[in-house]
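For the sequence shown, the positions run 19 to 298 when the working numbering is used. Idealized CB from N, CA, C, for every residue including glycine. Just so we're clear, the structure is a prediction, and the values are computed from it rather than from any experiment.
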Amino acid sequence: MRDIHVSEISDTVKNMCIDVNYELSEDMKRALTDAQEKEESELGKQIFSKLQENLKIAKEDQIPICQDTGMAVFFVEVGQEVHFVGGDITAAINEGVKNGYTEGYLRKSVVGDPLIRKNTGDNTPAVIHYSIVPGDKVKITCAPKGFGSENMSRVFMLKPADGEEGVKNAVVQAVKDAGPNACPPMVIGVGIGGTFEKCALLAKAALLRPVGESSEIEYVADMEKEILTRINETGIGPAGLGGKITALAVNINTYPTHIAGLPVAVNICCHVNRHITRIL
Ligand code: SF4
């Protein structure tokens, strides 16, 4: 067994929360630059220049890319040979979130009860998805999620007979319904299969795949391409002001499902598709 002190987790999480909110990952930066070159509408081009300027200022001045610094979502892969010492792993992650959002001057966007709605004041609790994997490492991915786009996400419990066409239509419809509210250009995470909650998790995890990488499953990669084309044909465009680029990517994850169902989740992310990974 390998001992990992939970203070190492807290410190890592704190820095991840700050870093991920100040600078986008290389794949997202590249995708925005490529999209800027492809955009044909004048207004759309101007929006892309503003987005680039915003990214530059955020990096140079070490300030958040967007005022909505999101609810902190984590995917934590824990090696089965790891033994956490010094406290509770979930409390350690939340301690890191609290310190990161406070020291990094990141907006505190979490209410402690969904209906009473009193702000917790430190952006905790985080939403944490754990999985146990072979090995003696801990892989932490932090993906803060803004709610402009989260609010436009959907789950469709399709019938098996709806097939591929039904899935494509559902994803395109979700994006059309989102329109400008999801702060386009968007990245679209799609989960197909599993159960009601599993497909939502697949869709969330799909947003972590680097933009520009296709699914390894050939027919799924074809669907990603076709759906992206159909989304960009809607003309919603950057900031919803019209143009050729409404989405930068469609990433689909699949999982086995029940003979009687075809669950599909669409997790929409805005152009501030933040994700960062550290391995301890
Ligand atoms: S959806 Fe994204 S870009 Fe829009 S306000 Fe939220 S975090 Fe910012």
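Measure the beta-carbon distance from residue i to residue j and round it to whole angstroms, keeping in mind my assumption that it falls under 8 Å.
{"i": "R296", "j": "D154", "result": "Incorrect: roughly 16 Å between the Cβ atoms, too far for contact."}
{"i": "P198", "j": "A257", "result": "7 Å"}
{"i": "V156", "j": "V96", "result": "6 Å"}
{"i": "V38", "j": "G114", "result": "In fact, because the Cβ distance is near 12 Å, the residues do not count as touching under 8 Å."}
{"i": "I17", "j": "A144", "result": "With the chain covering 19 to 298 only, the question about residue 17 has no answer from this structure."}
{"i": "V185", "j": "V282", "result": "5 Å"}
{"i": "Q98", "j": "I150", "result": "5 Å"}
{"i": "Q80", "j": "Y119", "result": "That pair is no contact at about 15 Å."}
{"i": "V193", "j": "A265", "result": "7 Å"}
{"i": "V100", "j": "I22", "result": "6 Å"}
{"i": "N291", "j": "L225", "result": "6 Å"}
{"i": "F174", "j": "A196", "result": "Not a contact, Cβ separation roughly 14 Å."}
{"i": "E242", "j": "S232", "result": "6 Å"}
{"i": "C288", "j": "A200", "result": "6 Å"}
{"i": "D180", "j": "L280", "result": "6 Å"}
{"i": "D45", "j": "P228", "result": "4 Å"}
Which residues share a DSSP beta bridge with residue i?
{"i": "L280", "result": "L176"}
{"i": "S149", "result": "E95"}
{"i": "C160", "result": "F92, I294"}
{"i": "N169", "result": "According to DSSP, which records beta bridges pairwise, N169 is partnered with nothing at all."}
{"i": "I270", "result": "V208"}
{"i": "I22", "result": "F102"}
{"i": "C35", "result": "Looking at the DSSP assignment, C35 forms no beta bridge with any residue, so it has no partner."}
{"i": "N285", "result": "G207"}
{"i": "N141", "result": "N141 pairs with nothing; no bridge assigned."}
{"i": "A257", "result": "Its beta-bridge partners do not exist; DSSP assigns none."}
{"i": "A239", "result": "Bridge partners of A239: none, in fact."}
{"i": "A265", "result": "M204"}
{"i": "T275", "result": "G212"}
Exposed or buried, which one is residue i when buried takes at least 16 other CB atoms within 10 Å?
{"i": "T247", "result": "exposed"}
{"i": "Y237", "result": "exposed"}
{"i": "F122", "result": "Reading off the sequence, residue 122 comes out as Gly, not Phe. The residue in question, G122, is buried, as its Cβ has 16 or more Cβ neighbours within 10 Å."}
{"i": "L277", "result": "The question names Leu, but residue 277 in the sequence shown is Ile. Exposed is the call here."}
{"i": "T142", "result": "buried"}
{"i": "L298", "result": "exposed"}
{"i": "P202", "result": "buried"}
{"i": "G230", "result": "exposed"}
{"i": "N285", "result": "buried"}
{"i": "L133", "result": "exposed"}
{"i": "H147", "result": "exposed"}
{"i": "K163", "result": "buried"}
{"i": "N137", "result": "exposed"}
{"i": "E251", "result": "exposed"}
{"i": "G139", "result": "exposed"}
{"i": "I235", "result": "exposed"}
{"i": "K116", "result": "buried"}
{"i": "P152", "result": "exposed"}
{"i": "K56", "result": "exposed"}
{"i": "P274", "result": "exposed"}
{"i": "G255", "result": "buried"}
Pairing CB atoms from the region 74 to 82 with CB atoms from the region 212 to 219, are three or more of them under 8 Å? no
I want to know whether the region 89 to 107 touches the region 255 to 270 - three or more CB-CB distances under 8 Å. no
Which whole runs of the beta strand (DSSP E) in the region 173 to 222 are 3 residues long or more, in chain order? Every beta strand (DSSP E) stretch that sits fully inside the region 173 to 222 and reaches 3 residues is listed by chain position as 204 to 212.
For the pair the region 164 to 183 and the region 251 to 266, tell me if three or more CB-CB distances fall below 8 Å. no
Length-filtered (4 minimum) alpha helix (DSSP H) runs lying within the region 41 to 98: 44 to 56, 60 to 79
For the pair the region 57 to 74 and the region 116 to 131, tell me if three or more CB-CB distances fall below 8 Å. no
Alpha helix (DSSP H) runs wholly inside the region 105 to 129, at least 4 long, in chain order: Residue ranges of uninterrupted alpha helix (DSSP H) with 4 or more members, entirely inside the region 105 to 129 and ordered along the chain, are 107 to 121.
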